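Student: Following this message is one structure expressed as structure tokens.
Protein chains: 2
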Amino acid sequence: MPPLKPIFDHIDKRFHQHLEKVRTFVRQPSISGEGTGMAEMAELVAGAILELGGRSEIVPTSGWPVVYGEINAGKPRTLLLYGMYDVQPVVGEDWIVPPFGGEIVDYEGRGLCLVNRGATNQKGPLAGMFNALESVKAVTGGLPVNVKFMIEGEEELGSRHLPEFVNRHRDRLAADGTYFGVFSQNAKGKPILYLGVKGIVFFELVSRGGAWGGPTTRGIHGSQGAWIASPVWRMLHAMATMTEPDERIAIEGFYDNVKPPEAEDEKLLSDLAKTFDPELVLRENDVRRFRYDLAGADLLRRYLFEPILNIDGIAGGHYGAGSKTLLPHEVRAKMHFRLVPDMEPQEVRSKFLAHLEKIGCGDFEAHFEEGYPWAVMSPSAPISQAMIRAIRAFDLEPQVWPNIGGSAPFYLFSRVLKQPFTMGGLGHGGRVHSPNEFAVVDGIRLYEKSVVQFLYEFAGIRE
Amino acid sequence: MPPLKPIFDHIDKRFHQHLEKVRTFVRQPSISGEGTGMAEMAELVAGAILELGGRSEIVPTSGWPVVYGEINAGKPRTLLLYGMYDVQPVVGEDWIVPPFGGEIVDYEGRGLCLVNRGATNQKGPLAGMFNALESVKAVTGGLPVNVKFMIEGEEELGSRHLPEFVNRHRDRLAADGTYFGVFSQNAKGKPILYLGVKGIVFFELVSRGGAWGGPTTRGIHGSQGAWIASPVWRMLHAMATMTEPDERIAIEGFYDNVKPPEAEDEKLLSDLAKTFDPELVLRENDVRRFRYDLAGADLLRRYLFEPILNIDGIAGGHYGAGSKTLLPHEVRAKMHFRLVPDMEPQEVRSKFLAHLEKIGCGDFEAHFEEGYPWAVMSPSAPISQAMIRAIRAFDLEPQVWPNIGGSAPFYLFSRVLKQPFTMGGLGHGGRVHSPNEFAVVDGIRLYEKSVVQFLYEFAGIRE
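Chains X and E supply the protein sequences, listed in that same order.
When we follow my numbering, the leftmost residue of the first sequence carries the number 182, and every step to the right adds one.
When we follow my numbering, the leftmost residue of the second sequence carries the number 182, and every step to the right adds one.
Quick look at the structure:
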């Protein structure tokens, strides 16, 4: 491996311009759930690939397009760079700065931070990756690996049409591995390496009046509740059958295919427990206690190896200002399951629908969005080892997790493209999906260097 | 009693102007829950009293003011005219005309209708009452009774500060009875006479993260639901303990003071069952079936003699467009109890709070608004008989109900002012608290005549 210091020096020297690139990326709203700014953002990403001397294309899908790109460096190995250009909505959130203002403030004692929707999830790392590639090219005149880009616009919608895209373009996407760049350091600076992701199944559940009773087309006067049934009470009683009070899922056979952690997983869990700081999780999430009176590996096992049924939101009837005596005609709950090995989305949907039938609510509407299964890599896989080496090059020891509680469609890499994958990078950010999402500015610089390091580590893999 | 035909002829001749007065009243938004147009509406009402040669005053309360007025006709008997100048919100509703446009359209085969928020509940009847008084004065030069006015602006908020007003102004409000004007004919033209009202207790229930767990200050990433508790699941499980699946209230001791119907009530119920048309209730509310497989007096007994716990609305987390994986930090439910004899608001509040404690949810916030108890009159009371005679004068036989499922603060008349009360009047309207609230135009004319008739019937009572 060549000495990388000249490249790191370039990053330091050019960091002002690099940061401006990140700010340009995050200032452009790109809210896939609303359709705000999506075309403009795709253009920005495609343009960044062109600036690096690559070819890029905004490829239509049945949903938001995917930005595809290639830079052929004439090297033996190829890395697929996966990313996302969409972000979560900000409606109803209270921010200390405009959520798309690209403002840099000293945020709650963390030092200078970029506070903006997408600063960490995931346009900050995306722009930083372009800065890293720019630096390698500027200093060395080339890249250590060929790169391909697949930057999707529907990650926050559960990557609805990415399967369609990947299945259609398997040949173009062929590579020796996939990398997803993230700011992986926690608030104490510890880099976290997640070896996998949970699967997810989004759906909206709707209870409304119909043949069974209840108002069918509009809310009616609340006094009618004395003899006309309430779709809201029916929904609440139905939902209460779906979980125990401790939130364990009470759907028949739901845990049948939940695979207990294997020996290798248990080893990771007990290693992890040594440096894992539960207080930090609580503090970062503004939470006083976990749902379980457990610690260490036992707590982690629950978090990482169990499925959940989450309520993202619920709404029905009158919830504006003032009182309104109303018997609502419908109520909607947005929910999602998280899937662990070896659960499959279709199986979860079927069991959920069977549960609705069983409790006499087969007439509820359950609008399922495209979901996807879990994906995990072994810690001993060469790509995992390349990432671990890249982090250690900065005198940091990664904390390795068997998976993350969250979800990403990495099964497309492991199962469909049959490529190993990894996600990582230095840097720190937080409040993802929340008001005041932030990325520490100095962390962005470190992230860029860690991406460079990883590119070279990956280039050096001999399989 | 003098012949009333000249007064009725005056109403017919002046009906165009009368209708314009009604339209002026309903066009003025007066949404107490939002604070829209309240001062303007109070001025309109006070002005209408002045136009009749009375004295009027907009009297401040701790909430929206009450319009008080008097017309001393030098007669032995005095009637207190109670009414409301506020209306329900229209936010989120889909109307065929602007909700405050005062438009007259042939609405779904009912003939010409005034379609407007408040057309029936209750600014249509309120304006019609002024038209009736104008007609009596124009033709006879006076009125058969002295009248007092108490027109409140918080009926739709549960008449929060009317108790304060009534207690402060008992002397000014002294009268021989109270009258509340309503369009009492159903869709088939049958006049309905309700002898009483249920009580009501509004509250908002809030579940949020705290010492027990859950996110405390903001929604967090939904994947955290694997080890952090959900205030929404907690709320749903808590609410599901408050009612049985058939919506019977499952709070300990809740039915202890529910008085079974007495012999006089049972007589009314069986009379009522003879002309009561359950299909009409279903049709008017767009409902396919009642909650109970009951008919006639048995169905009516449930409706009229049982308390309810209604969910007016519920909201928490993300319920805008698109998916958002979120573990919400709070959820709010707007609810209300309806009270029947002999329940008291304070008793209901206490039992509800005890239930929260019992299920381990004593930390929930329960924001109670001012509520009030039930109030009922005997069918044999002279004021009830005056109303029955007024209706029969139009060759119509009223259908007499022991109470209505809805609520109004009439305990202020029966318990505080110790006056008999009645509510009624001809005319037809509907879709109260819903989009496309309407009043049949010809019904308004008939209403005005029935009010005139009632004034003379009431004047003739010898007690």
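Beta carbons are placed, not taken as given, at the ideal position from N, Cα and C, and that holds for glycine.
Owing to the predicted nature of the structure, the values given are computational and were not obtained by experimental measurement.
For threonine 217 of chain X, which residues in the same chain have their Cβ closer than 8 Å to its Cβ, ignoring the five residues on either side in sequence?
Tutor: Taken in chain order, the residues that qualify are Pro210 and Ser211.
Student: Any idea if glutamate 337 of chain X is buried or exposed, counting beta-carbon neighbours within 10 angstroms, 16 or more meaning buried?
Tutor: With 16 or more other Cβ atoms within 10 Å, it is buried.
Student: Looking at the strands, I want to know which residues DSSP matches up with asparagine 327 of chain E.
Tutor: Per DSSP, E:Thr259.
Student: In the region 539 to 563 of chain X, which residues sit with their C-beta less than 8 Å from some C-beta in chain E, listed in chain order?
Tutor: The residues in question are Glu550.
Student: Determine the extent of the beta strand (DSSP E) in which methionine 423 of chain E is found, giving its start and end residues.
Tutor: Note, methionine 423 of chain E: premise wrong, no beta strand (DSSP E); not H, not E.
Student: Mind checking who alanine 620 of chain X pairs with in its DSSP beta bridge?
Tutor: Answer is X:Leu295 and X:Gly610, bridged to alanine 620 of chain X.
Student: Out of E:Gly390, E:Phe435 and E:Gly273, which has the shortest C-alpha to C-alpha gap to glycine 497 of chain X?
Tutor: Of the candidates E:Gly390, E:Phe435 and E:Gly273, the one whose C-alpha sits nearest the C-alpha of glycine 497 of chain X is E:Gly273.
Student: Mind checking the region 487 to 508 of chain E against chain B and listing, in chain order, the residues whose C-beta falls within less than 9 Å of any C-beta there?
Tutor: You won't find chain B in this structure, because its protein chains are X and E.
Student: Using a C-beta to C-beta distance shorter than 9 Å, which residues of chain X count as neighbours of tryptophan 582 of chain E?
Tutor: Those within 9 Å of tryptophan 582 of chain E in chain X number zero; the least Cβ separation is about 12 Å.
Student: Is there at least one Cβ from chain X nearer than 8 Å to alanine 392 of chain E's Cβ?
Tutor: Output row for alanine 392 of chain E: interface = yes.
Student: Under 8 Å, Cβ to Cβ, is there at least one residue of chain E near lysine 515 of chain X?
Tutor: Closer than 8 Å to some Cβ of chain E, the Cβ of lysine 515 of chain X qualifies, so yes.
Student: Let me check one thing: in DSSP terms, what residues is alanine 556 of chain X bridge-paired to?
Tutor: X:Val378, per the DSSP bridge assignment.
Student: Give me the residue from X:Gly605, X:His199 and X:Gly552 with the minimum Cα distance to arginine 570 of chain X.
Tutor: The candidate whose alpha carbon is nearest that of arginine 570 of chain X is X:Gly605.
Student: Name the DSSP bridge partner or partners of histidine 517 of chain E?
Tutor: The partner list for histidine 517 of chain E (beta bridge, DSSP) reads E:Phe383 and E:Asn491.
Student: Rounded to a whole number of angstroms, what is the C-alpha to C-alpha distance between lysine 630 of chain X and histidine 548 of chain E?
Tutor: Those two C-alpha atoms are separated by around 54 Å.
Student: Just to confirm, is the Cβ distance from glutamine 634 of chain X to alanine 562 of chain X under 8 Å?
Tutor: No.
Student: In its own chain, which residues sit with a C-beta less than 8 Å from the C-beta of proline 183 of chain E, not counting the 5 before and 5 after it?
Tutor: The answer, listed in chain order, is Thr321 and Tyr637.
Student: In three-state DSSP terms, what is tryptophan 582 of chain E?
Tutor: In the structure shown, tryptophan 582 of chain E sits in a strand (DSSP, three-state: E or B).
Student: Just curious, the beta strand (DSSP E) that arginine 548 of chain E is in, first and last residue?
Tutor: For clarity, residue 548 of chain E is histidine in the given sequence; the question names arginine instead. Per DSSP, histidine 548 of chain E belongs to the beta strand (DSSP E) from 546 to 549.
Student: Residues of the region 414 to 438 of chain X in Cβ contact with chain E at a cutoff of 7 Å, in chain order, please.
Tutor: Answer in chain order: Trp414, Leu417, His418, Met420, Ala421, Thr424, Pro426 and Glu428.
Student: Please identify the residue among E:Ala410, E:Pro488, E:Ser404 and E:Thr359 whose C-alpha is closest to the C-alpha of valine 521 of chain X.
Tutor: Checked all of E:Ala410, E:Pro488, E:Ser404 and E:Thr359; the closest Cα to valine 521 of chain X is E:Ser404.
Student: Only counting the same chain, and skipping five residues up and downstream in sequence, which positions put a Cβ closer than 8 Å to that of lysine 532 of chain X?
Tutor: The answer, listed in chain order, is Ile432, Glu433, Gly434 and Phe435.
Student: Counting only beta-carbon separations shorter than 8 Å, does leucine 480 of chain E have a partner in chain X?
Tutor: Chain X, which has a Cβ nearer than 8 Å to the Cβ of leucine 480 of chain E, makes this yes.
Student: Anyone know if the C-beta pair for arginine 389 of chain X and histidine 499 of chain X falls short of 8 Å?
Tutor: No, these two residues do not count as a Cβ contact at 8 Å.
Student: Short check: CB of proline 268 of chain X to CB of glutamate 284 of chain X, under 8 Å?
Tutor: It should be pointed out that residue 268 of chain X corresponds to valine in this sequence rather than to proline. No; because the gap between Cβ atoms is not below 8 Å, this pair is not in contact.
Student: Relative to the C-alpha of asparagine 312 of chain X, which residue among X:Tyr473, X:His199 and X:Ser588 is closest?
Tutor: Checking every option, the nearest Cα to that of asparagine 312 of chain X belongs to X:His199.
Student: CA-CA distance, asparagine 253 of chain X and alanine 229 of chain X?
Tutor: Approximately 15 Å between the Cα atoms of the pair.
Student: Since I believe phenylalanine 619 of chain E is in contact with arginine 626 of chain E (beta carbons under 8 Å), could you give me their beta-carbon distance rounded to a whole number of angstroms?
Tutor: At roughly 15 Å, the Cβ-Cβ gap does not stay under 8 Å, so arginine 626 of chain E and phenylalanine 619 of chain E are not in contact.
Student: Helix, strand or coil, according to DSSP, for glycine 403 of chain X in the structure here?
Tutor: Reduced to three states, the DSSP call for glycine 403 of chain X is helix.
Student: Taking 8 Å as the CB-CB cut-off, is histidine 614 of chain E touching chain X?
Tutor: Yes, its Cβ sits closer than 8 Å to a Cβ of chain X.
Student: So, are the CB atoms of phenylalanine 361 of chain E and tyrosine 263 of chain E less than 8 Å apart?
Tutor: Closer than 8 Å, so yes.
Student: Classify alanine 419 of chain X: buried if its beta carbon has 16 or more other beta carbons within 10 angstroms, exposed otherwise.
Tutor: Classification for alanine 419 of chain X: buried.
Student: Go ahead and pull the three-state DSSP assignment for tyrosine 249 of chain E.
Tutor: Tyrosine 249 of chain E: strand per DSSP, three-state reduction.
Student: According to DSSP, is glutamate 443 of chain E helix, strand or coil?
Tutor: Here glutamate 443 of chain E sits in coil by DSSP.
Student: Cβ of arginine 298 of chain X less than 8 Å from any chain E Cβ?
Tutor: No, arginine 298 of chain X does not count as interfacial toward chain E.
Student: Classify serine 615 of chain E as helix, strand or coil using the three-state DSSP reduction.
Tutor: Three-state result, serine 615 of chain E: coil.
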